[in-house]
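In the working numbering, the protein residues as written are 3 to 408. Quick reminder that beta carbons are idealized off the backbone N, C-alpha and C, glycines included. Note that this is a predicted model, so its numbers are computed, not measured.
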């Protein structure tokens with residue numbers, strides 16, 4: 003068999019395993035999200051303090067994103083993936099076994115760091131494999147992640163009345179880890195690809211923690227505007243459903259399900275929508291329609307829940323459905339542009355972008371937590387809606403990547 007054909011087969015095989023790993027990634031990190039209200043009660047915290055503690059995980063992400071490109075270049079993506087999984091499994095398996103706020107915060111830092119290292123390692127591989135295969139695969143990776151998200155939410159909704167959050171997360175961590183390790187053995191190393199100009203290893207890399215080009219700064223801003231709605235929905239929807247709409251444990255996961263279903267459809271159908279509407283229009287209309295629909299649904303439900311709980315239930319569902327569909331493949335578009343235009347190591351470029359992304363996210367999470375406690379969770383969720391609306395200002399970045407229009 004010609005070497006070119008064998009290379010293509012190897013890439014296709016890696017593509018399939020990466021789909022599985024994105025699915026498993028979601029299962030591991032999302033399992034506790036629908037049970038945040040229980041975790042908050044275990045710690046005896048109010049919304050502002052709990053939200054701030056979750057935001058402190060950003061410090062772990064900052065360390066990881068700031069060093070991930072250099073660590074991957076030094077040790078290779080497969081080793082980084084394996085160490086990340088160990089760190090995450092221990093963290094998520096143990097995080098609910100403490101009632102100490104300090105220990106909880108430290109474990110959350112380690113969990114966030116592990117997830118961030120894994121994110122960059124997978125994203126770098128996915129981007130170069132996408133380029134080698136000559137077709138968009140990153141949206142399907144995101145779709146696979148959301149499929150795992152959906153499954154976890156469904157399971158969490160069913161078992162939450164019967165199984166403690168501690169048992170739930172411990173079992174998930176024990177099951178997922180060995181499967182992830184096996185998948186990692188089936189991947190090529192990042193060293194097998196041309197990832198761009200090698201980074202500076204040593205003290206000089208400190209100067210390169212932040213974006214070096216205007217494109218990287220704009221990509222980081224576009225990403226934060228487009229993705230805060232997904233992160234905030236994960237952080238706050240369980241508390242919003244339980245405490246604002248008074249929905250009992252179990253049925254409250256319907257909003258996670260709708261949000262995830264919308265993203266799955268948008269991401270698996272990304273290529274078809276891209277061909278029909280183009281990247282710029284997807285960002286324009288997705289951000290505008292998604293943000294307005296989300297804001298009307300979430301805040302409208304809050305306004306009418308006292309007099310019409312049934313209408314509030316439906317309105318909130320409408321909001322998350324439109325919001326999830328709106329963000330669709332926007333993240334994939336930005337990452338594709340970065341991958342094609344970066345003049346340095348792709349892992350380092352991703353690390354720089356997500357380093358400042360995480361600083362933005364830390365501040366935004368603190369703001370959302372403050373509003374949630376001092377005003378309402380519904381008002382706090384208007385913040386990501388406004389940011390998503392601003393995403394249309396970055397649509398012009400897609401015009402720089404003509405391959406997206408093919």
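- Rounded to whole angstroms, the Cβ separation of residue 93 and residue 119 is 12 Å, and the two are not in contact under 8 Å.
- In this model, residue 115 and residue 277 are separated by some 36 Å (Cα to Cα).
- From the listed residues 25, 387, 101, 343, the smallest Cα separation to residue 46 is found for 101.
- Fewer than three Cβ pairs drawn from the segment 321-329 and the segment 121-128 lie within less than 8 Å of each other, which leaves the two stretches out of contact.
- DSSP, read as helix, strand or coil, puts residue 335 in helix.
- With respect to residue 181, residue 26 sits close: the two C-beta atoms are nearer than 8 Å.
- Burial check for residue 164: the Cβ neighbour count within 10 Å stays below 16, so the residue is exposed.
- The continuous stretches of alpha helix (DSSP H) do not include residue 48, and DSSP gives it neither H nor E.
- With a 10 Å radius around the Cβ and a threshold of 16 neighbouring Cβ atoms, residue 305 comes out exposed.
- Residue range 103-135 is occupied by the alpha helix (DSSP H) that includes residue 128.
- For a cut-off of 8 Å, the C-beta gap from residue 285 to residue 394 is around 6 Å, short enough to register as a contact.
- Runs of the beta strand (DSSP E) lying entirely within the segment 374-398 and spanning at least 3 residues: none are present.
- For residue 218, the enclosing alpha helix (DSSP H) starts and ends at 216-241.
- The alpha carbon of residue 381 has as its nearest neighbour, out of 104, 302, 87, the alpha carbon of 302.
- Between residue 171 and residue 36, the alpha-carbon positions lie close to 12 Å from each other.
- The beta carbon of residue 219 lies closer than 7 Å to those of 213 in the same chain, with the five residues before and after it left out.
- Using a Cβ distance threshold of 8 Å, residue 49 and residue 379 count as a contacting pair.
- Annotation for residue 97: 109 place their beta carbon closer than 6 Å to its own, counting only its chain and skipping 5 residues before and after.
- If only complete runs of 4 or more residues are kept, the segment 291-336 shows the alpha helix (DSSP H) at 311-329, in order along the chain.
- If you check the CB distance, residue 391 and residue 293 come in under 8 Å.
- Between the C-alpha atoms of residue 399 and residue 255 there is a straight-line separation of about 35 Å.
- Nearest C-alpha to residue 314 among 375, 80, 243: 243.
- Taking the CA atoms as reference points, residue 62 sits about 12 Å from residue 55.
- The beta-carbon distance between residue 224 and residue 268, rounded to whole angstroms, is 17 Å. This is too long to meet the 8 Å contact definition.
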